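A quick write-up on the structure given underneath.
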Amino acid sequence: MTMKLFGFWRSIATYRVRVALRLKGIAFEETSVDLLTGEQFAPAYAAINQAHAVPSLVDNDLTLTQSLAIMEYLEERYPTPALLPELLSDRAYVRALALGTIADTHPLLVPRVRKQLAERFGANAEASEDWARHWLSIGLVSFEKALARRPPSPFVMGNEPGLADICIMSHLVAAQLFHAPLHDAPHLEALRATCSKVDAFATSHPLKQPGAPAA
Ligand SMILES: N[C@@H](CCC(=O)N[C@@H](CS)C(=O)NCC(=O)O)C(=O)O
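Counting from 1, position 178 in the sequence shown corresponds to residue 248 in our numbering; the numbering is continuous, with no gaps.
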């Protein structure tokens, strides 16, 4: 049966899984869970994802959550083309880059956190966006330093795009959505240009999804 992805146009975690599915050539159907109207809390969706978050991926009788866990599942189930490198040390490097955004930055930006900022601390929309930009900028600086030390050629691990490219691109896409500027980041600029030419990345961009505002 075709895999079913529950996501939302603006969700950068969903973007990561979309790209991974497309890089591996796996057919899927996406169902939108509108995070802006609170559909993530509807009982029907809570039965799929008890954390009230997207993405969730349903593969026959298996329901998966968490973008990193989903991408690792896809990697193990469909090893070719590989998203992780062969060398153990390289895999640790790639996972560290992935967690740089999935674990360190992204959790600070999600709607439930910004809702708390507004409700408990009175942050208005501008303050909340500024908060997101702050954390995204710190992540951008850190990624640029990592890539300067080990320049992509043209992708992070060589000739083919993989998990590190997906995760760094998700950070760059979030920076775009929150208008966090790229300052003095030639390696990130180059990686973005390279990945943007790949169909799996281009077609998965939040602003290309049904429901997204016209560019
Ligand atoms: N670590 C999770 C993050 C999941 C997550 O929080 N997704 C966001 C959208 S990108 C969400 O559904 N947020 C709902 C909310 O904050 O209410 C992953 O990578 O899948």
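By construction, the Cβ of each residue, glycine as well, lies at the ideal position given by its N, Cα and C atoms. No experiment lies behind these values; they were computed from the predicted model shown.
One or two residues paired with residue i in a DSSP bridge
i	result
G209	Paired residue(s): none; G209 is not in a bridge.
F98	M73
D335	Residue 335 cannot be examined here, being either before or after the span of the chain that is shown, 71 to 285.
F225	G228
Exposure of residue i, with buried meaning 16 or more beta-carbon neighbours within 10 Å
i	result
Q279	buried
L76	In the sequence as displayed, the identity of residue 76 is Phe instead of Leu. It is buried - the Cβ of F76 has at least 16 other Cβ atoms within 10 Å.
A114	exposed
G209	buried
T84	buried
R262	buried
T175	buried
P155	buried
L106	exposed
G232	buried
S159	exposed
Residues of its chain near residue i, where Cβ-Cβ distance is below 7 Å and the 5 sequence neighbours each way are ignored
i	result
H257	E214, L217, A218, P221, P222
Residue i versus residue j - alpha carbon distance
i	j	result
P125	L138	10 Å
P149	T273	22 Å
I236	V103	22 Å
P177	T72	30 Å
Q246	Q110	24 Å
T171	L132	26 Å
L157	R182	37 Å
M239	K267	12 Å
L93	A152	9 Å
I82	P276	7 Å
A117	H253	43 Å
D269	H122	30 Å
A282	T101	14 Å
Residues near residue i in its chain [Cβ-Cβ closer than 6 Å; skip 5 each side]
i	result
V128	K74
L91	F98
A193	L187
Residue-chain proximity (residue i, chain D), Cβ-Cβ < 9 Å
i	result
T175	Looking for chain D here will not work: only one protein chain is present.
So within the segment 114-175, which uninterrupted alpha helix (DSSP H) runs reach at least 4 residues, ignoring any that extend past its ends? Given a length threshold of 4 residues, each whole run of the alpha helix (DSSP H) inside the segment 114-175 is given here in chain order: 137-147, 158-169.
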